[in-house]
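Working notes for the structure below.
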């Protein structure tokens, strides 16, 4: 089975559920590896990530669910992933200037960039119908312009694809493209889980004369999805989070890629999302 972003996320949720049901909310690392059907190395990496998020505590070959999360009805993983995405989106806004023309694809992480552009007048071209959420929240500058491509609507993601969307994007030259993805690695570049979206993402990259910014949370780094979008060397900046695999990030930096990691504060609310640079910009 592919170690995809979706599989990693489901495994993290499963680990949380196992610990919630376990006696004293505690299981050994060996038990967790067996129950999840993965190696000890993989389960230790999972537990390290969950510990950094404040969900579990590790000690002497065991993992225990933190008391802070024991009696929550909703999984902390859900809110944590959203806060990670918001922090990445906040970081992207630093690379966008007033007067820029921007491509935003169907990624929810890419869309969070717009929460931090209220002080910048920009032109946005997107095939992401969920942009109406930003419009209703009044997070955009009143002088900004939004162009929605049109095309075939894919639900429930609210993504527009097909020839109409591709033609609309192909008529624009952008200053910045903000591209979310299902997977990103040096070997296979940008990949996505949907064939139709892969083509329009590729056109966005080709039509960008400025910076191509890929946004990907830790689950997607060094993982590949089914459909190819573009090679890694097409990417000017990768923006991810502090939980991404260190070895993978270092390899990308050695290859000359500009990599930025957002430091995430899980205690913040949606209205006060804050992030800071963890890695130096090359």
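Numbering (my numbering), first residue to last: 2 to 283. Note that the Cβ used here is the ideal one computed from N, Cα and C, for glycine as well.
Residue burial classification, residue 174 (beta-carbon count within 10 angstroms, cutoff 16) = exposed
Quick one, are the C-beta atoms of residue 219 and residue 110 less than 8 angstroms apart?
-> no
Residue 155 in three-state terms, based on DSSP = Residue state, collapsed to three classes: strand.
Provide the residue span of the alpha helix (DSSP H) that contains residue 186, from first to last.
-> From DSSP, residue 186 is part of no alpha helix (DSSP H) but of the beta strand (DSSP E) over 184-186.
Name the DSSP beta bridge partners of residue 244, please?
-> None; residue 244 has no bridge partner.
Within the stretch 155-225, note down every full beta strand (DSSP E) run reaching 3 residues or more, in order along the chain.
-> You should have 160-162, 175-181, 184-186, 190-193, 209-216.
Grab the span of the beta strand (DSSP E) containing residue 231 for me, first residue to last.
-> Residues 228-231.
What did DSSP end up calling residue 234 once you bin it into helix, strand or coil?
-> helix
Check whether the Cβ of residue 140 sits closer than 7 angstroms to any heavy atom of the ligand MG, and report yes or no.
-> In the structure on display, the ligand MG does not appear, and there are no ligands present to speak of.
Exposed or buried, which one is residue 6 when buried takes at least 16 other CB atoms within 10 Å?
-> buried
Between the CA atoms of residue 13 and residue 202 - distance to the nearest angstrom = 29 angstroms
Any idea if residue 60 is buried or exposed, counting beta-carbon neighbours within 10 angstroms, 16 or more meaning buried?
-> The residue in question, residue 60, is exposed, as its Cβ has fewer than 16 Cβ neighbours within 10 Å.
Please state whether DSSP places residue 41 in a helix, a strand or coil.
-> helix
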